[in-house]
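Step one of this worksheet: look at the structure below.
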Amino acid sequence: MECSSPAPVWPTDRKPPWLRAKIPSGPRYGAVQKLVAENRLHTVCESAHCPNLGECWSKGTATLMILGETCTRSCRFCAVQTGRPSGVDWDEPRRAAEAVAAMGLRHAVLTSVARDELPDGGASVWAATIRAVRERNPATRIEVLIPDFRGKRNDLLLVLAAKPDIVNHNVETVPRLQRLVRPQARYERSLELLQRVKQEGFPAKTGLMLGIGEQEEEIASTLTQIAALGVDILTLGQYLRPSLNHLPIDRWVTPQEFSSWREFALQLGFRFVESGPLVRSSYHAEEQVI
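Following our numbering, the numbering of the sequence shown begins with 19 at its first residue and continues without gaps.
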């Protein structure tokens, strides 16, 4: 792909103007904040320092993060705390279902930390949560953003047996940077998961961060490989460094370049592409489905 974007002019230690996010405010924001706290739930919005928290919560929606707030993996782009989690909360699926009902969501997005210490990687909790949300909210579409379950086919099938409406698993970056960016994951394993999701008849979704050190030809090659699997929905967003302990930003990707990648991906056959500086996995998720 030939990108017409000019060379970056903004230094990486200062955010450009197109990355200004909405400041959290309003009664619906406060209601979501209270709901999450009272139900002892976690959101990826908070744990991953999502720049769209203000916009989404002000609209009365949040992405629930199940299986606790401590991840067993140490991805070098992610703000979610890493360590050894303590047990499994089997009441969490019920509380998640009640939260979805309280928010009145027509399209609920669920994600989780990685729980590699569990025999099934948390797949049984995933399945229980999907069923609980479905039973309590029969008209709500359920989108799940799942880990790779260390490539264990039966764990994935356990989640799929609960019948989510959309299955998302993020590749995150190009093959060359995988070990640097997410050392406990594998690019091939992620592709196999997405392929299996499609083989089982589910709509599949994935996403990449840009601006973390990838080259243009690597982006094009990676998107081509993913499109060949039949993945339906793609999200592309700007990598934002959560702290000085995380990987540095390589460059700011301009809105024009994101637009160019969107057109490129649509030509590859993706049914929907959400591409922009502030785009994250669950950003405008309901509109993507529509």
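Beta carbons: idealized from backbone N, C-alpha and C, even for Gly.
Taking the C-alpha atoms as reference points, what is the distance between residue i and residue j?
i                 : j                 : result
isoleucine 18     : leucine 174       : With the chain running from 19 to 308 in the structure shown, residue 18 is simply not present.
threonine 240     : valine 143        : 31 Å
phenylalanine 288 : serine 278        : 14 Å
serine 65         : phenylalanine 290 : For serine 65, the pLDDT reaches just 48, beneath the cut-off of 50, and the residue's location in the model is therefore unreliable, although a value from the coordinates is still provided. Straight-line Cα distance between these residues: approximately 27 Å.
glutamate 210     : threonine 224     : 12 Å
glycine 169       : glutamate 218     : 16 Å
aspartate 250     : isoleucine 160    : 16 Å
alanine 124       : asparagine 155    : First, the residue type needs correcting, since residue 124 is arginine and not alanine in the sequence shown. Computed Cα separation, rounded: 9 Å.
glutamate 116     : valine 151        : 8 Å
glycine 140       : aspartate 183     : 19 Å
serine 300        : threonine 81      : 7 Å
glutamate 232     : leucine 226       : 11 Å
arginine 32       : histidine 264     : 16 Å
leucine 128       : valine 162        : 5 Å
threonine 30      : arginine 149      : 44 Å
isoleucine 84     : glycine 101       : 16 Å
leucine 37        : arginine 197      : 27 Å
leucine 258       : arginine 194      : 19 Å
leucine 341       : valine 106        : In this structure the chain extends from 19 to 308, so residue 341 is not present and cannot be described.
Determine whether the beta carbon atoms of residue i and residue j lie at a separation below 8 Å.
i              : j             : result
proline 266    : alanine 97    : no
serine 130     : proline 165   : yes
threonine 158  : alanine 126   : yes
leucine 208    : valine 192    : The amino acid occupying residue 208 in the given sequence is serine; leucine does not appear at that position. Cβ distance not < 8 Å, so serine 208 and valine 192 don't count as in contact.
isoleucine 237 : leucine 247   : no
alanine 145    : leucine 176   : yes
arginine 200   : cysteine 93   : yes
threonine 242  : leucine 284   : no
threonine 253  : glutamate 292 : yes
tryptophan 270 : proline 35    : no
alanine 114    : threonine 147 : yes
Which residues does DSSP list as the beta-bridge partners of residue i?
i             : result
threonine 100 : Cys89
alanine 132   : Alanine 132 is not bridged to any residue.
proline 251   : Note on residue identity: the sequence assigns isoleucine, not proline, to residue 251. Lys223 and Phe290.
valine 127    : Glu161
glutamine 256 : Leu228
leucine 237   : Sequence inspection shows isoleucine at residue 237; the leucine mentioned does not correspond to that position. None, per the DSSP bridge assignment.
glutamate 190 : Leu226
valine 185    : Val162 and Ala222
Using the rule of at least 16 other Cβ atoms within 10 Å of the residue's Cβ for burial, across every protein chain shown, is residue i buried or exposed?
i              : result
glycine 255    : buried
tryptophan 108 : exposed
alanine 132    : buried
asparagine 186 : buried
glutamate 110  : buried
leucine 212    : buried
proline 221    : buried
proline 295    : buried
leucine 262    : exposed
glutamate 206  : exposed
glutamate 275  : buried
arginine 298   : buried
alanine 180    : buried
methionine 121 : buried
glycine 86     : buried
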